[in-house]
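Residue numbers (my numbering): 118 to 390.
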(Lines of atoms letter the chains of each structure in order from A and count residues from 1; the text may use other names and numbers.)
(Lines give C-alpha, C1' and ligand atoms only; values in the text may rest on other atoms or scores of the structure.)
Protein backbone atom coordinates (compact mmCIF):
# COMPACT_ATOMS: atom_id res chain seq x y z
CA UNK A 1 0.00 0.00 0.00
CA UNK A 2 1.20 3.51 -0.75
CA UNK A 3 2.62 5.72 1.99
CA UNK A 4 0.38 8.68 1.04
CA UNK A 5 -2.64 9.62 3.15
CA UNK A 6 -4.78 12.62 2.23
CA UNK A 7 -7.14 14.35 4.63
CA UNK A 8 -10.23 16.45 3.87
CA UNK A 9 -12.41 17.60 6.76
CA UNK A 10 -14.65 20.36 8.06
CA UNK A 11 -12.66 20.55 11.30
CA UNK A 12 -11.28 24.04 10.74
CA UNK A 13 -7.83 25.20 11.79
CA UNK A 14 -8.54 27.01 15.06
CA UNK A 15 -8.41 23.88 17.21
CA UNK A 16 -6.18 20.84 17.51
CA UNK A 17 -8.44 18.39 15.66
CA UNK A 18 -6.33 18.15 12.51
CA UNK A 19 -3.09 17.90 14.50
CA UNK A 20 -4.56 15.05 16.54
CA UNK A 21 -5.33 13.13 13.34
CA UNK A 22 -1.79 13.72 12.09
CA UNK A 23 -0.37 12.52 15.39
CA UNK A 24 -2.41 9.31 15.37
CA UNK A 25 -1.33 8.51 11.81
CA UNK A 26 2.36 9.10 12.45
CA UNK A 27 2.20 7.10 15.68
CA UNK A 28 1.03 4.03 13.76
CA UNK A 29 2.73 4.60 10.39
CA UNK A 30 5.80 6.83 10.83
CA UNK A 31 6.57 6.53 7.12
CA UNK A 32 3.24 8.09 6.10
CA UNK A 33 3.24 11.18 3.94
CA UNK A 34 0.19 13.26 4.78
CA UNK A 35 -1.39 15.71 2.33
CA UNK A 36 -3.97 18.11 3.76
CA UNK A 37 -6.49 18.64 0.98
CA UNK A 38 -8.76 21.01 2.92
CA UNK A 39 -9.98 21.52 6.47
CA UNK A 40 -12.11 24.64 5.98
CA UNK A 41 -15.00 22.91 4.24
CA UNK A 42 -18.16 24.59 5.61
CA UNK A 43 -19.40 22.50 8.52
CA UNK A 44 -21.42 19.54 7.27
CA UNK A 45 -21.33 20.69 3.62
CA UNK A 46 -21.09 17.27 1.99
CA UNK A 47 -21.55 18.65 -1.52
CA UNK A 48 -18.67 21.12 -1.16
CA UNK A 49 -16.42 18.43 0.28
CA UNK A 50 -17.32 16.08 -2.58
CA UNK A 51 -16.53 18.74 -5.17
CA UNK A 52 -13.16 19.63 -3.62
CA UNK A 53 -12.04 16.00 -3.39
CA UNK A 54 -13.15 15.10 -6.92
CA UNK A 55 -11.50 18.15 -8.46
CA UNK A 56 -8.27 17.67 -6.50
CA UNK A 57 -7.99 13.92 -7.06
CA UNK A 58 -6.31 14.05 -10.51
CA UNK A 59 -3.37 15.86 -8.91
CA UNK A 60 -3.00 13.58 -5.89
CA UNK A 61 -0.83 10.47 -5.84
CA UNK A 62 -2.59 7.16 -5.33
CA UNK A 63 -3.08 6.55 -1.65
CA UNK A 64 -5.58 6.41 1.18
CA UNK A 65 -8.00 9.33 0.91
CA UNK A 66 -9.92 10.30 4.05
CA UNK A 67 -12.94 12.63 3.88
CA UNK A 68 -14.70 13.51 7.12
CA UNK A 69 -17.53 15.91 6.35
CA UNK A 70 -20.92 14.94 7.75
CA UNK A 71 -23.73 16.91 9.38
CA UNK A 72 -24.85 13.68 11.12
CA UNK A 73 -21.42 12.80 12.53
CA UNK A 74 -21.81 11.05 15.84
CA UNK A 75 -25.05 9.37 14.72
CA UNK A 76 -25.60 5.87 13.39
CA UNK A 77 -24.30 6.44 9.86
CA UNK A 78 -22.00 3.62 8.77
CA UNK A 79 -18.36 4.33 7.98
CA UNK A 80 -16.99 2.85 4.78
CA UNK A 81 -13.83 2.05 2.86
CA UNK A 82 -14.06 2.00 -0.93
CA UNK A 83 -11.50 0.65 -3.40
CA UNK A 84 -11.40 2.47 -6.73
CA UNK A 85 -8.70 2.98 -9.33
CA UNK A 86 -5.84 1.74 -7.17
CA UNK A 87 -6.88 4.03 -4.31
CA UNK A 88 -8.72 3.51 -1.02
CA UNK A 89 -11.28 6.06 0.16
CA UNK A 90 -12.49 6.32 3.77
CA UNK A 91 -15.52 8.36 4.86
CA UNK A 92 -18.95 8.28 6.39
CA UNK A 93 -21.39 6.79 3.90
CA UNK A 94 -23.11 10.06 2.99
CA UNK A 95 -22.04 10.60 -0.63
CA UNK A 96 -18.99 12.75 0.09
CA UNK A 97 -16.85 10.20 -1.80
CA UNK A 98 -19.21 9.58 -4.70
CA UNK A 99 -17.83 12.10 -7.21
CA UNK A 100 -14.20 11.28 -6.43
CA UNK A 101 -14.85 7.52 -6.65
CA UNK A 102 -16.52 8.08 -10.02
CA UNK A 103 -13.52 10.14 -11.15
CA UNK A 104 -11.26 7.25 -10.10
CA UNK A 105 -13.16 4.83 -12.34
CA UNK A 106 -15.92 3.65 -10.04
CA UNK A 107 -16.10 1.54 -6.90
CA UNK A 108 -14.54 -1.91 -7.25
CA UNK A 109 -15.19 -3.06 -3.69
CA UNK A 110 -16.50 -1.56 -0.47
CA UNK A 111 -16.30 -2.48 3.21
CA UNK A 112 -17.96 -1.29 6.37
CA UNK A 113 -15.31 -0.03 8.78
CA UNK A 114 -16.03 -2.21 11.79
CA UNK A 115 -12.78 -3.90 12.90
CA UNK A 116 -12.24 -2.34 16.32
CA UNK A 117 -8.72 -3.79 16.49
CA UNK A 118 -7.74 -1.00 14.11
CA UNK A 119 -9.36 1.80 16.16
CA UNK A 120 -8.06 3.89 19.02
CA UNK A 121 -9.78 3.05 22.28
CA UNK A 122 -11.94 4.31 23.71
CA UNK A 123 -13.65 5.66 20.58
CA UNK A 124 -15.18 9.09 21.08
CA UNK A 125 -18.66 9.21 19.53
CA UNK A 126 -17.96 12.76 18.36
CA UNK A 127 -14.44 12.35 16.93
CA UNK A 128 -14.29 9.39 14.52
CA UNK A 129 -11.71 11.29 12.48
CA UNK A 130 -9.15 10.80 15.25
CA UNK A 131 -10.31 7.49 16.67
CA UNK A 132 -11.44 5.58 13.58
CA UNK A 133 -10.47 7.12 10.25
CA UNK A 134 -6.93 8.22 11.17
CA UNK A 135 -5.84 4.88 12.68
CA UNK A 136 -7.53 2.84 9.94
CA UNK A 137 -5.82 4.94 7.27
CA UNK A 138 -2.51 4.48 9.05
CA UNK A 139 -2.92 0.71 9.31
CA UNK A 140 -3.70 0.56 5.58
CA UNK A 141 -0.60 2.62 4.93
CA UNK A 142 1.39 0.22 7.11
CA UNK A 143 0.30 -2.82 5.09
CA UNK A 144 -3.15 -3.94 6.18
CA UNK A 145 -5.56 -4.84 3.38
CA UNK A 146 -8.80 -2.93 2.76
CA UNK A 147 -10.69 -6.16 3.44
CA UNK A 148 -9.23 -6.11 6.97
CA UNK A 149 -11.31 -3.09 7.99
CA UNK A 150 -14.61 -4.96 8.13
CA UNK A 151 -17.23 -6.92 6.19
CA UNK A 152 -17.64 -6.42 2.46
CA UNK A 153 -20.76 -4.49 1.44
CA UNK A 154 -22.58 -4.01 -1.86
CA UNK A 155 -21.17 -1.05 -3.78
CA UNK A 156 -24.65 -0.47 -5.22
CA UNK A 157 -25.87 0.31 -1.72
CA UNK A 158 -23.42 3.17 -1.15
CA UNK A 159 -24.95 6.61 -0.75
CA UNK A 160 -24.31 8.80 -3.79
CA UNK A 161 -24.87 12.46 -4.50
CA UNK A 162 -26.68 13.21 -7.76
CA UNK A 163 -24.05 13.61 -10.46
CA UNK A 164 -23.61 17.21 -11.63
CA UNK A 165 -24.83 17.56 -15.18
CA UNK A 166 -25.10 20.10 -17.96
CA UNK A 167 -27.13 20.06 -21.16
CA UNK A 168 -26.64 22.01 -24.36
CA UNK A 169 -29.71 22.50 -26.52
CA UNK A 170 -31.29 25.20 -28.69
CA UNK A 171 -28.37 27.59 -28.23
CA UNK A 172 -28.51 27.42 -24.42
CA UNK A 173 -26.54 25.40 -21.90
CA UNK A 174 -28.32 24.47 -18.67
CA UNK A 175 -26.68 23.39 -15.44
CA UNK A 176 -26.64 23.95 -11.72
CA UNK A 177 -24.57 25.52 -9.00
CA UNK A 178 -22.06 22.83 -8.09
CA UNK A 179 -20.46 24.57 -5.13
CA UNK A 180 -19.62 27.94 -3.61
CA UNK A 181 -16.08 28.58 -2.38
CA UNK A 182 -14.98 30.67 0.60
CA UNK A 183 -14.68 33.77 -1.61
CA UNK A 184 -18.29 33.48 -2.76
CA UNK A 185 -17.35 32.35 -6.26
CA UNK A 186 -20.16 30.27 -7.74
CA UNK A 187 -18.92 27.16 -9.56
CA UNK A 188 -21.34 25.69 -12.08
CA UNK A 189 -21.68 22.18 -13.48
CA UNK A 190 -21.35 23.82 -16.92
CA UNK A 191 -17.94 23.38 -18.54
CA UNK A 192 -15.88 25.70 -20.66
CA UNK A 193 -16.27 23.10 -23.41
CA UNK A 194 -20.06 23.52 -23.17
CA UNK A 195 -19.66 27.22 -23.91
CA UNK A 196 -17.21 26.50 -26.72
CA UNK A 197 -19.90 24.28 -28.26
CA UNK A 198 -22.05 27.42 -28.43
CA UNK A 199 -19.13 29.33 -30.00
CA UNK A 200 -18.67 31.38 -26.85
CA UNK A 201 -15.08 32.40 -26.17
CA UNK A 202 -13.38 34.58 -23.54
CA UNK A 203 -14.05 38.17 -24.53
CA UNK A 204 -17.69 37.45 -25.40
CA UNK A 205 -20.70 38.13 -23.20
CA UNK A 206 -23.19 35.71 -21.71
CA UNK A 207 -26.86 35.79 -20.92
CA UNK A 208 -27.23 34.29 -17.45
CA UNK A 209 -30.68 33.01 -16.58
CA UNK A 210 -31.45 32.62 -12.88
CA UNK A 211 -35.08 31.63 -12.63
CA UNK A 212 -37.03 34.64 -13.90
CA UNK A 213 -33.98 36.90 -13.75
CA UNK A 214 -31.81 37.45 -16.80
CA UNK A 215 -28.39 39.06 -16.49
CA UNK A 216 -25.76 39.96 -19.06
CA UNK A 217 -22.27 39.14 -17.84
CA UNK A 218 -18.82 39.35 -19.46
CA UNK A 219 -17.05 36.04 -20.08
CA UNK A 220 -13.34 36.52 -19.45
CA UNK A 221 -10.21 34.48 -18.72
CA UNK A 222 -9.99 35.71 -15.10
CA UNK A 223 -12.13 37.69 -12.69
CA UNK A 224 -9.41 40.35 -12.44
CA UNK A 225 -10.16 41.55 -15.98
CA UNK A 226 -13.25 43.47 -14.82
CA UNK A 227 -13.40 46.44 -12.42
CA UNK A 228 -13.78 45.76 -8.70
CA UNK A 229 -17.40 45.10 -7.83
CA UNK A 230 -18.34 43.83 -11.31
CA UNK A 231 -19.75 40.40 -12.11
CA UNK A 232 -17.81 38.15 -14.43
CA UNK A 233 -17.94 34.58 -15.74
CA UNK A 234 -14.78 32.57 -16.35
CA UNK A 235 -13.63 28.98 -16.71
CA UNK A 236 -11.84 27.95 -13.53
CA UNK A 237 -8.89 25.61 -12.98
CA UNK A 238 -11.23 22.58 -12.94
CA UNK A 239 -12.55 23.46 -16.40
CA UNK A 240 -15.91 24.57 -15.00
CA UNK A 241 -17.62 27.90 -15.53
CA UNK A 242 -17.75 30.10 -12.43
CA UNK A 243 -19.53 33.35 -11.64
CA UNK A 244 -17.57 35.79 -9.53
CA UNK A 245 -17.49 39.39 -8.38
CA UNK A 246 -14.08 41.01 -8.52
CA UNK A 247 -13.30 41.79 -4.86
CA UNK A 248 -16.79 40.69 -3.87
CA UNK A 249 -19.14 37.78 -3.20
CA UNK A 250 -21.11 36.51 -6.20
CA UNK A 251 -23.11 33.98 -4.18
CA UNK A 252 -24.38 36.68 -1.85
CA UNK A 253 -25.15 39.12 -4.65
CA UNK A 254 -26.96 36.58 -6.82
CA UNK A 255 -28.55 34.52 -4.05
CA UNK A 256 -27.33 31.28 -5.60
CA UNK A 257 -27.07 28.28 -3.27
CA UNK A 258 -25.64 24.93 -4.38
CA UNK A 259 -28.11 23.12 -6.62
CA UNK A 260 -29.70 26.27 -8.05
CA UNK A 261 -30.56 26.04 -11.76
CA UNK A 262 -28.61 28.30 -14.15
CA UNK A 263 -28.87 28.86 -17.91
CA UNK A 264 -26.11 30.37 -20.04
CA UNK A 265 -26.46 31.59 -23.61
CA UNK A 266 -24.52 33.73 -26.10
CA UNK A 267 -25.38 37.38 -25.65
CA UNK A 268 -24.67 39.92 -28.38
CA UNK A 269 -25.30 42.98 -26.22
CA UNK A 270 -22.84 44.89 -24.14
CA UNK A 271 -22.18 43.30 -20.79
CA UNK A 272 -23.10 44.97 -17.56
CA UNK A 273 -23.29 43.99 -13.91
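Quick reminder that beta carbons are idealized off the backbone N, C-alpha and C, glycines included.
Under the rule that 16 or more other beta-carbon atoms within 10 Å means buried, what is residue i, buried or exposed?
i, result
"residue 142", "buried"
"residue 182", "buried"
"residue 176", "exposed"
"residue 371", "buried"
"residue 153", "exposed"
"residue 187", "buried"
"residue 389", "Confidence in residue 389 is poor, its pLDDT being 45 and thus under 50, which makes the residue's placement too unreliable to answer from."
"residue 245", "buried"
"residue 93", "Within the shown structure, residues of the chain are numbered from 118 to 390, placing residue 93 beyond reach of any answer."
"residue 306", "buried"
"residue 171", "buried"
"residue 273", "exposed"
"residue 346", "exposed"
"residue 356", "exposed"
"residue 227", "buried"
"residue 341", "exposed"
Rounded to whole angstroms, what's the CA-CA distance from residue i to residue j? Just pull it up for me.
i, j, result
"residue 168", "residue 294", "11 Å"
"residue 180", "residue 120", "7 Å"
"residue 310", "residue 289", "13 Å"
"residue 160", "residue 334", "31 Å"
"residue 365", "residue 189", "32 Å"
"residue 325", "residue 351", "13 Å"
"residue 194", "residue 210", "7 Å"
"residue 163", "residue 330", "28 Å"
"residue 225", "residue 318", "39 Å"
"residue 369", "residue 296", "13 Å"
"residue 131", "residue 156", "10 Å"
"residue 400", "residue 203", "Residue 400 cannot be examined here, being either before or after the span of the chain that is shown, 118 to 390."
"residue 361", "residue 265", "46 Å"
"residue 374", "residue 260", "42 Å"
"residue 255", "residue 223", "23 Å"
"residue 343", "residue 353", "16 Å"
"residue 242", "residue 233", "14 Å"
"residue 134", "residue 158", "14 Å"
"residue 229", "residue 275", "10 Å"
"residue 129", "residue 271", "33 Å"
"residue 103", "residue 178", "The first residue shown for the chain is 118 and the last is 390, placing residue 103 beyond what the model contains."
"residue 239", "residue 300", "39 Å"
Report, in whole angstroms, the separation of the C-beta atoms of residue i and residue j, which I expect to be a contact under 8 Å.
i, j, result
"residue 302", "residue 367", "6 Å"
"residue 252", "residue 145", "6 Å"
"residue 197", "residue 208", "7 Å"
"residue 199", "residue 213", "About 11 Å; that fails the 8 Å criterion."
Using only CA atoms, which one of the options lies nearest to residue i?
i, options, result
"residue 292", "203, 300 and 280", "280"
"residue 165", "340, 365, 126 and 322", "126"
"residue 287", "139, 382 and 189", "382"
"residue 277", "369, 215 and 250", "215"
"residue 140", "157, 155 and 122", "122"
"residue 314", "344, 329, 330 and 283", "283"
"residue 349", "375, 185 and 321", "321"
"residue 248", "379, 374 and 136", "136"
"residue 231", "206, 259, 255 and 269", "269"
"residue 258", "235, 273 and 241", "235"
"residue 359", "199, 298, 385 and 222", "298"
"residue 220", "229, 228, 206 and 233", "206"
"residue 385", "151, 316 and 267", "316"
"residue 379", "240, 213, 304 and 340", "304"
Can you check whether the C-beta of residue i is within less than 8 Å of a C-beta belonging to chain D?
i, result
"residue 230", "Protein chains in the displayed structure number just one, and chain D is not present."
Next item on the list: Quick one: which unbroken beta strand (DSSP E) runs of 3-plus residues sit fully inside the stretch 127-212? Chain order, please.
Entry: If one requires a minimum length of 3 residues, the beta strand (DSSP E) runs lying completely within the stretch 127-212 are 150-155, 181-185, 196-201 and 204-209, in chain order.
Next item on the list: Return the chain-ordered ranges of every beta strand (DSSP E) run that is complete within the stretch 300-334 and spans a minimum of 3 residues.
Entry: Note on the stretch 300-334: whole beta strand (DSSP E) runs with a minimum of 3 residues are 303-308 and 322-327, in chain order.
Next item on the list: Give, in chain order, every unbroken run of the alpha helix (DSSP H) that is at least 4 residues long and sits entirely within the stretch 333-378.
Entry: 367-371
Margin query: Suppose only complete runs of 3+ residues qualify. What are the beta strand (DSSP E) ranges in the stretch 223-309, listed by chain order?
Written below: 226-229, 284-286, 289-297 and 303-308
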